[in-house]
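If you read the protein sequences in the order shown, they are chains A and B.
Here this note's numbering is used: the first residue of the first sequence is 12, the next is one more, and so on.
Here this note's numbering is used: the first residue of the second sequence is 12, the next is one more, and so on.
There are 2 protein chains.
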Amino acid sequence: MLSTGLPQGAVPKLERPGPLRDRVYEALLELITTRALQPGQHLVESELAGHLGVSRQPVREALQRLNTEGWVDLRPAQGAFVHEPTEEEADQLLTVRTLLEAEAARLAAAHAGSPGVAALEELCAEGEKAVAADDVDGAVALNAAFHAKIMELAGNAVLAELAGQVDRRVRWYYTPVARQRGKQSWVEHRGLIAAIADRDEQRATVLMREHTEHTRRSYHERQRG
Amino acid sequence: MLSTGLPQGAVPKLERPGPLRDRVYEALLELITTRALQPGQHLVESELAGHLGVSRQPVREALQRLNTEGWVDLRPAQGAFVHEPTEEEADQLLTVRTLLEAEAARLAAAHAGSPGVAALEELCAEGEKAVAADDVDGAVALNAAFHAKIMELAGNAVLAELAGQVDRRVRWYYTPVARQRGKQSWVEHRGLIAAIADRDEQRATVLMREHTEHTRRSYHERQRG
DNA sequence: TTATTGTCTTTCGTCTACAGTCTACGGCGC
DNA sequence: GCGCCGTAGACTGTAGACGAAAGACAATAA
Numbered sequence: 012m013l014s015t016g017l018p019q020g021a022v023p024k025l026e027r028p029g030p031l032r033d034r035v036y037e038a039l040l041e042l043i044t045t046r047a048l049q050p051g052q053h054l055v056e057s058e059l060a061g062h063l064g065v066s067r068q069p070v071r072e073a074l075q076r077l078n079t080e081g082w083v084d085l086r087p088a089q090g091a092f093v094h095e096p097t098e099e100e101a102d103q104l105l106t107v108r109t110l111l112e113a114e115a116a117r118l119a120a121a122h123a124g125s126p127g128v129a130a131l132e133e134l135c136a137e138g139e140k141a142v143a144a145d146d147v148d149g150a151v152a153l154n155a156a157f158h159a160k161i162m163e164l165a166g167n168a169v170l171a172e173l174a175g176q177v178d179r180r181v182r183w184y185y186t187p188v189a190r191q192r193g194k195q196s197w198v199e200h201r202g203l204i205a206a207i208a209d210r211d212e213q214r215a216t217v218l219m220r221e222h223t224e225h226t227r228r229s230y231h232e233r234q235r236g
Numbered sequence: 012m013l014s015t016g017l018p019q020g021a022v023p024k025l026e027r028p029g030p031l032r033d034r035v036y037e038a039l040l041e042l043i044t045t046r047a048l049q050p051g052q053h054l055v056e057s058e059l060a061g062h063l064g065v066s067r068q069p070v071r072e073a074l075q076r077l078n079t080e081g082w083v084d085l086r087p088a089q090g091a092f093v094h095e096p097t098e099e100e101a102d103q104l105l106t107v108r109t110l111l112e113a114e115a116a117r118l119a120a121a122h123a124g125s126p127g128v129a130a131l132e133e134l135c136a137e138g139e140k141a142v143a144a145d146d147v148d149g150a151v152a153l154n155a156a157f158h159a160k161i162m163e164l165a166g167n168a169v170l171a172e173l174a175g176q177v178d179r180r181v182r183w184y185y186t187p188v189a190r191q192r193g194k195q196s197w198v199e200h201r202g203l204i205a206a207i208a209d210r211d212e213q214r215a216t217v218l219m220r221e222h223t224e225h226t227r228r229s230y231h232e233r234q235r236g
């Protein structure tokens with residue numbers, strides 16, 4: 012046992028910057044999701060490296076990872092291009108998301124206790140507040156946090172991993188039209204929490220499926236609107 | 012228009028080896044799935060590089076990719092270790108697999124035409140033949156091909172991508188006990204084909220779910236057996 | 001005028017070298 | 001004899017350099 016008397020939580024953990032490739036990965040993902048790097052754009056390794064102040068190597072490794080996760084397309088001997096989402100792909104992604112989220116809701120209903128439900132209600136309240144304040148970015152972030160919390164309550168790490176990636180890409184496609192579905196979304200969240208609190212797996216599954224299906228429909232309607 | 016008179020299909024396409032990192036990736040994945048590299052083993056970059064006759068760089072990139080796909084764990088400043096599957100993780104993986112495969116079966120039932128059904132029956136017949144000949148490796152490969160074909164018929168690329176990765180890892184865990192579930196598995200496949208041919212989405216979903224659940228149960232029974 | 005070909009620039013793919021960090025082992029003090 | 005500290009080795013993380021392939025453009029010939 013340590014006898015230094017240092018308060019354990021207060022130790023600064025000797026903040027080490029962590030692998031450079033990860034920070035480059037985060038930075039690039041941020042640039043892509045914020046549309047600073049537009050779909051179809053050619054990403055030149057040396058440019059990115061110079062811009063970020065690192066060498067090409069970490070940039071390469073970050074691009075590899077972004078490639079396997081579907082954010083960029085890596086054409087051999089030609090380089091990386093920001094992935095261009097198609098209508099078909101967006102639809103398929105939303106289909107998969109519905110699947111994963113619905114299962115997560117079921118598992119959450121099966122496993123969640125009152126602390127978990129309380130956390131969900133807390134997030135929901137904040138989300139409603141953000142919508143009321145017309146804070147679109149905040150509402151989107153809280154929406155993500157809400158769904159992530161349900162994933163956590165589901166207690167399936169593999170499922171959470173997949174859903175995390177799928178959700179992030181869905182959000183990429185969807186953010187531009189998120190405003191439309193502000194309020195109604197949180198009403199549906201309330202119903203979902205109730206189902207989870209009741210430990211009603213069936214109802215939680217159905218509600219989550221309808222919830223994500225509404226999102227999909229709103230996405231498609233954007234096209235024509 | 013080309014006026015050389017070359018038969019278009021016969022051009023050998025000048026087989027180029029493709030990026031080195033991909034071949035290293037394939038090689039390592041093969042070594043892992045065949046247990047030549049055992050779970051928990053420390054993978055030293057320079058060793059692998061020397062053994063494969065390439066430099067460290069392509070090896071690094073392959074390891075990165077294997078890391079994001081869950082095959083190896085990349086501990087910072089320490090290197091790569093072959094992932095050690097836990098009971099819990101295997102169970103979660105099987106849960107997700109059930110989800111994805113069931114949805115694929117539903118979509119296949121919704122979209123498949125007679126050529127697709129014929130292809131499935133072809134694969135099924137070969138699989139039964141392999142089981143009869145006690146060809147375990149062949150049966151496992153055909154089983155994978157059968158499920159992959161259903162994925163293809165489902166026509167959802169995103170779903171196929173995820174299921175491909177999940178299935179491959181499930182197979183890694185499961186292969187050692189695959190012998191037990193030889194024959195019964197293909198009987199269930201037959202029923203599944205019938206449901207798809209009838210375009211009965213409901214029945215196809217249920218059958219596939221039961222099918223993969225049987226696999227899961229057989230996996231768990233192995234522990235005690 | 002059009003198609004072809006040769007050259008040239010750009011960028012990627014790979015290799016080699018160096019610095020930082022973690023682990024293991026041996027010596028020293030208690 | 002036991003535990004701690006210092007040192008050495010090994011491996012990874014990062015940087016920089018070289019060779020090769022792909023695309024663009026201009027010059028030339030039909």
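In this text, a Cβ means the ideal position worked out from N, Cα and C, and glycines have one as well.
Does the distance from the C-beta atom of residue i to that of residue j stay below 8 Å?
| i | j | result |
| --- | --- | --- |
| A:Ala-165 | A:Ala-115 | yes |
| B:Thr-223 | B:Thr-79 | no |
| B:Gln-75 | A:Glu-95 | no |
| A:Asn-154 | B:Thr-106 | no |
| A:Tyr-230 | A:Ala-119 | no |
| A:Leu-291 | A:Trp-82 | No information on residue 291 of chain A is available, as it lies outside the stretch 12 to 236 that chain A covers here. |
| B:Trp-183 | B:Thr-97 | no |
| A:Gln-103 | B:Leu-170 | yes |
| A:Leu-111 | A:Val-177 | yes |
| B:Leu-54 | B:Gly-90 | yes |
| B:Ala-152 | B:Val-142 | no |
| A:Arg-210 | A:Ala-121 | yes |
| B:Leu-9 | B:Pro-87 | There is simply no residue 9 of chain B to check, as chain B begins at 12 and stops at 236 in what is shown. |
| B:Ala-208 | B:Lys-160 | no |
| A:Cys-135 | A:Arg-201 | yes |
| A:Phe-92 | A:Gln-49 | no |
| A:Leu-173 | B:Leu-173 | yes |
Taking the continuous alpha helix (DSSP H) assigned at residue i, which residues delimit it?
| i | result |
| --- | --- |
| B:Asp-209 | Taken as a continuous stretch (DSSP letters only), B:Asp-209 belongs to no alpha helix (DSSP H), as it is neither H nor E. |
| A:Gly-238 | It is not possible to answer for residue 238 of chain A, since the shown part of chain A is limited to 12 through 236. |
| B:Gly-61 | 56-63 |
| B:Ala-150 | 147-165 |
| B:Ala-38 | 31-44 |
| B:Ala-121 | 98-122 |
| B:Ala-91 | Taken as a continuous stretch (DSSP letters only), B:Ala-91 belongs to no alpha helix (DSSP H), being part of the beta strand (DSSP E) at 90-93. |
| B:Pro-69 | 67-79 |
| B:Ala-47 | Counting along the chain, B:Ala-47 falls outside any alpha helix (DSSP H), and DSSP gives it neither H nor E. |
| B:Arg-180 | 168-185 |
Can you have a look at residue i and say buried or exposed, based on whether 16 or more other CB atoms are within 10 angstroms of its CB?
| i | result |
| --- | --- |
| A:Met-12 | Low confidence applies here, because A:Met-12 scores a pLDDT of 43, under 50, leaving its location unreliable; read the following figure in that light. A:Met-12 comes out exposed. |
| A:Gly-193 | buried |
| A:Ala-144 | exposed |
| A:Ala-21 | Residue placement at A:Ala-21 is flagged as unreliable, the pLDDT there being 38, under the threshold of 50; the coordinate-derived value follows with that caveat. Exposed, since its Cβ has fewer than 16 Cβ neighbours within 10 Å. |
| B:Ala-47 | exposed |
| B:Gly-127 | buried |
| A:Glu-133 | exposed |
| A:Glu-58 | exposed |
| B:His-158 | buried |
| B:Ala-215 | buried |
| A:Arg-117 | buried |
| B:Ser-37 | Strictly speaking, residue 37 of chain B in this sequence is Glu, with Ser absent from that position. Exposed, because fewer than 16 other Cβ atoms sit within 10 Å of the Cβ of B:Glu-37. |
| B:Glu-139 | buried |
| A:Ser-14 | Because the pLDDT at A:Ser-14 is just 38, under 50, the model does not fix this residue reliably, and the value given afterwards should be weighed accordingly. Burial call: exposed. |
| A:Val-198 | exposed |
| B:Ala-206 | buried |
| A:Ser-196 | buried |
May I ask which residues mark the beginning and end of the beta strand (DSSP E) holding residue i?
| i | result |
| --- | --- |
| A:Arg-86 | 83-86 |
Which residues of the segment 168-187 of chain A have a Cβ closer than 7 Å to any Cβ of chain B? Give them in chain order.
Ala-168, Val-169, Leu-170 and Leu-173
What residues in the segment 214-231 of chain B have a beta carbon less than 9 Å from any beta carbon of chain A?
none
What are the residues of the segment 103-115 of chain B that lie near chain A, defined by any Cβ-Cβ distance shorter than 7 Å?
Gln-103, Leu-104, Thr-106, Val-107, Leu-110 and Glu-114
For the segment 77-96 of chain A, which residues have a beta carbon sitting closer than 9 Å to at least one beta carbon of chain B?
Asn-78, Thr-79, Glu-80, Gly-81, Leu-85, Pro-87 and Ala-88
Residues within the segment 46-61 of chain B neighbouring chain A, beta-carbon criterion of under 8 Å:
none
Chain B contacts made by the segment 195-216 of chain A, where a contact means CB separation under 9 Å
none
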